[in-house]
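Under UniProt numbering, the first residue of the sequence shown carries the number 1, and numbering increases by one thereafter.
By construction, the Cβ of each residue, glycine as well, lies at the ideal position given by its N, Cα and C atoms.
Note that the coordinates shown come from a computational prediction; the quantities given were computed from them, not determined experimentally.
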Amino acid sequence: MAATPGATDRTTAAGTGPAGGATSGTATSGTATSGTATSGTATSGTGAGTPGRDRGGRGRLGRGTPGRGTGRAAERRAALGGLAGRAVRRVLPGPWGAWALLREGIGLLVVSGLAALIVAVAHRGPLEPVLYVAAVALLFAMRRGLPVPVMLVTAAGAGAIDSFAPLLVCAAWSAGYRVTRALPTLGVMAASFTLITATAVLHGDDVVPAKGIAGFALGGFLLFAALPALAGRYHAQRRALLVALRERNDQLERERVMIAHQARLRERHRIAQDMHDSLGHQLALISVHSGALEVDRSLTDPQRAAVGVLRQAAVAAMRELRVVVGVLHEESAPPGAGRAGGSGGGLDGIGRLAESSRAAGAAVELSRSGDARPLPAATEHAAYRIVQEALTNAHKHAPGAPLTVALRYEPDALVVEVANGPAPEPPPGQVVSGGQGLTGLRERARLVGGMVHAGPSGEGGWRLAAVLPYDHDGAAAPAEGTAGRPGALPGDPAAGAGPGLGTGRPAGPGRTGLRNPAVGCAAGAGAVVLAVAGLLVWGGLAFVQALDDATVSKSTYESIAVGSAEADVRAKLPAGSRALTQGYQGTGPTPPAGASCSWFISDEPGADGFDDEYVARFCFKDGVLIDKQHYRAKV
Numbered sequence: 001m002a003a004t005p006g007a008t009d010r011t012t013a014a015g016t017g018p019a020g021g022a023t024s025g026t027a028t029s030g031t032a033t034s035g036t037a038t039s040g041t042a043t044s045g046t047g048a049g050t051p052g053r054d055r056g057g058r059g060r061l062g063r064g065t066p067g068r069g070t071g072r073a074a075e076r077r078a079a080l081g082g083l084a085g086r087a088v089r090r091v092l093p094g095p096w097g098a099w100a101l102l103r104e105g106i107g108l109l110v111v112s113g114l115a116a117l118i119v120a121v122a123h124r125g126p127l128e129p130v131l132y133v134a135a136v137a138l139l140f141a142m143r144r145g146l147p148v149p150v151m152l153v154t155a156a157g158a159g160a161i162d163s164f165a166p167l168l169v170c171a172a173w174s175a176g177y178r179v180t181r182a183l184p185t186l187g188v189m190a191a192s193f194t195l196i197t198a199t200a201v202l203h204g205d206d207v208v209p210a211k212g213i214a215g216f217a218l219g220g221f222l223l224f225a226a227l228p229a230l231a232g233r234y235h236a237q238r239r240a241l242l243v244a245l246r247e248r249n250d251q252l253e254r255e256r257v258m259i260a261h262q263a264r265l266r267e268r269h270r271i272a273q274d275m276h277d278s279l280g281h282q283l284a285l286i287s288v289h290s291g292a293l294e295v296d297r298s299l300t301d302p303q304r305a306a307v308g309v310l311r312q313a314a315v316a317a318m319r320e321l322r323v324v325v326g327v328l329h330e331e332s333a334p335p336g337a338g339r340a341g342g343s344g345g346g347l348d349g350i351g352r353l354a355e356s357s358r359a360a361g362a363a364v365e366l367s368r369s370g371d372a373r374p375l376p377a378a379t380e381h382a383a384y385r386i387v388q389e390a391l392t393n394a395h396k397h398a399p400g401a402p403l404t405v406a407l408r409y410e411p412d413a414l415v416v417e418v419a420n421g422p423a424p425e426p427p428p429g430q431v432v433s434g435g436q437g438l439t440g441l442r443e444r445a446r447l448v449g450g451m452v453h454a455g456p457s458g459e460g461g462w463r464l465a466a467v468l469p470y471d472h473d474g475a476a477a478p479a480e481g482t483a484g485r486p487g488a489l490p491g492d493p494a495a496g497a498g499p500g501l502g503t504g505r506p507a508g509p510g511r512t513g514l515r516n517p518a519v520g521c522a523a524g525a526g527a528v529v530l531a532v533a534g535l536l537v538w539g540g541l542a543f544v545q546a547l548d549d550a551t552v553s554k555s556t557y558e559s560i561a562v563g564s565a566e567a568d569v570r571a572k573l574p575a576g577s578r579a580l581t582q583g584y585q586g587t588g589p590t591p592p593a594g595a596s597c598s599w600f601i602s603d604e605p606g607a608d609g610f611d612d613e614y615v616a617r618f619c620f621k622d623g624v625l626i627d628k629q630h631y632r633a634k635v
């Protein structure tokens, strides 16, 4: 119902109804109201309606309050705004920097200006230039976001509208640049050629035969569409190649830094091991012998004091050597990892290795199975180093491949297994390898009585497994190597065992050479140039033939007499070419009424300029030559 401002919405019951039942009443106000209220709430037993809230969301005084309808309208407006924004971003993709805006603005001005110039030269009406230029500008702005539709629309228009020729070049460039796959690009170009030819033939007149129109359409398509599309595709592939080369260079630089760092770590570890094995052993002997001499009763007190000083010096040297070796070991370990048997170099450090790999972006799954038991420090350290080396090789040879690290407590040995699936793509080029990774792992496992096996898995990845016994008597077990050269890293070309840890397939040479964008685009451009050259030769020959068909000699003209039969006259005349003689129609003396005339170019010299020729005209009526004229005409 409708209520005026300030009026109280009242509802009178038409009868006594149940509680909560809706009754109908009439709204009254101090002035005048119209309409019938249908939403009052009746009070049980009284029959008088009490003010209530109607179904339309109005308040007690009949005023509209913000409700669910307003919120839904706002949601619809927001949804429409989001769709409009996505549509604009789809049609006009970014980024829109200063250089992009300047480039697009200059291109829009140039293409629109050329279209306006072509329309002006064609002497069109006052409205057509505006429509053509607006269409060209709109399609030019949309070509980056919608390259295929714009190319097809432009091709359909270019066959009939000359002002679309500059736009066709830009649309073909965008289609070649933004349609990345070869087959869709060929499909777009084939459809564009079909549209250009069809519209050109349909829009043409009967002066030029359909074969000639198709030839001109093919030449225009090759020059204004095929060549720009090839140039755009070459530019896109060259840009993608440069991006890939930069990424490869960055990866090689990271690998170089990593390999240099690993070489330093190995050298520090070797130095620490040599110092521990050689100097530590000698200092221990000095300390033991000096301690024995210190308690020898045959020595005098000054001698025992000197021997004590020697023993203390040996003990201090051993303590300092232990500190130096510890520092070298700590520097050789990854961040957060300690020495063998410590908090970082044992089985507890494997979890931190997995976390470090996950932090670097790798998908690492760590699993433990079986009943855990205490292991010797050397065994724990060997397991830690095996996992560390395997993860390092996987990151180097198979970046991005998923990794699984498994620790299985078997009844008599700890099995350490590191495996990775196939890499998303082979590493670029040949991976530089030191060739000492597996040798070191086999040696570590052998020293604790275990063995190491590495080789390609059945799923296209790589698997490295080590068996480390719980107890061993110090005898070194023979290590099981890969099928390639002992000591070679997985993925090293000298290993001969397969693609290496994580590659999943060999990165054979020559893969990129078959897809060299310069070779493909150069071949395509060469084919287009040859086709254009062939069309030019064909067009030249066709023009010479048409000129010969349109030319009549002066002797032939003089040998034909008025009153001769049309069949006899046409037997002496050439076939004619309306494409070359159309401009002469309407020139010269007025043709006889009701006559059918044919124009030819005379071979008589003496005309001035390219558009000034001697013309021969023959007019026929009722199968008889009734008039012939030889005159000088200007096209």
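Terminal residues of the continuous beta strand (DSSP E) containing residue i?
i, result
"G212", "Run containing G212: none in the beta strand (DSSP E); it sits in the alpha helix (DSSP H), 210-221."
"Y470", "Unbroken run through Y470: none, as it is neither H nor E."
"R368", "364-369"
Would you list the residues sitting across from residue i in a DSSP beta bridge?
i, result
"V418", "V405, L464"
"W599", "R617"
"A565", "V624"
"D612", "K634"
"V552", "S602"
"Q629", "R617"
Need the endpoints of the alpha helix (DSSP H) that residue i sits in, please.
i, result
"M451", "No alpha helix (DSSP H) holds M451; the beta strand (DSSP E) holding it covers 451-456."
"R178", "165-178"
"E410", "Taken as a continuous stretch (DSSP letters only), E410 belongs to no alpha helix (DSSP H), as it is neither H nor E."
"A182", "182-203"
"V243", "227-274"
"T581", "578-581"
"P587", "A quick correction: the sequence has Thr, not Pro, at residue 587. From DSSP, T587 is part of no alpha helix (DSSP H); its letter is neither H nor E."
"W99", "98-121"
"L375", "It is not in any alpha helix (DSSP H) - L375 carries neither H nor E in the DSSP assignment."
"G349", "348-359"
"E128", "127-142"
Is it right to say residue i is buried, meaning 16 or more other beta carbons lie within 10 angstroms of its own, or is it exposed?
i, result
"S343", "For S343, the pLDDT reaches just 39, beneath the cut-off of 50, and the residue's location in the model is therefore unreliable, although a value from the coordinates is still provided. Counting Cβ neighbours within 10 Å, S343 comes out exposed, since fewer than 16 surround it."
"W538", "exposed"
"H397", "buried"
"Q388", "buried"
"V121", "exposed"
"E410", "exposed"
"N249", "exposed"
"S559", "exposed"
"T33", "In this prediction, T33 scores a pLDDT of 38, lower than 50, which makes its location untrustworthy; the coordinate-derived value is nonetheless stated afterwards. T33 is buried by the Cβ-count criterion."
"I196", "buried"
"S602", "buried"
"T36", "Caution is warranted here: a pLDDT of 38 is assigned to T36, below 50, making its placement in the model unreliable, and no coordinate value can be reported."
"T379", "buried"
"H395", "buried"
"V88", "exposed"
"T590", "exposed"
"T180", "exposed"
"I106", "exposed"
"P184", "exposed"
"T154", "buried"
"W462", "buried"
"W173", "buried"
Could you check which residue in the options has the C-alpha nearest to that of residue i?
i, options, result
"G586", "I626, Y631, V562, L547", "Y631"
"C619", "S602, A359, P592, K634", "P592"
"Q237", "A182, R617, R256", "A182"
"G612", "G563, G583, M275", "The displayed chain sequence assigns Asp, not Gly, to residue 612. Looking at the Cα atoms, G583 is the closest of the given residues."
"H381", "L414, L625, N393", "L414"
"A363", "S369, G346, I271, P399", "P399"
"R570", "P589, D549, L580, A579", "D549"
"P93", "V148, L168, R144, T185", "R144"
"L468", "V325, G308, A377", "A377"
"H453", "L438, R297, G460, L391", "L438"
"A465", "M451, G458, E417", "E417"
"E308", "S287, A165, V148", "It should be pointed out that residue 308 corresponds to Gly in this sequence rather than to Glu. Nearest option by C-alpha distance: S287."
"G225", "L353, L152, S290", "A quick correction: the sequence has Ala, not Gly, at residue 225. Here the closest residue by C-alpha is L152."
"E320", "Q303, M275, G526", "M275"
Tell me whether residue i, by its Cβ, gets closer than 7 Å to a heavy atom of the ligand FAD.
i, result
"F620", "No copy of the ligand FAD occurs in the structure displayed, which carries no ligand at all."
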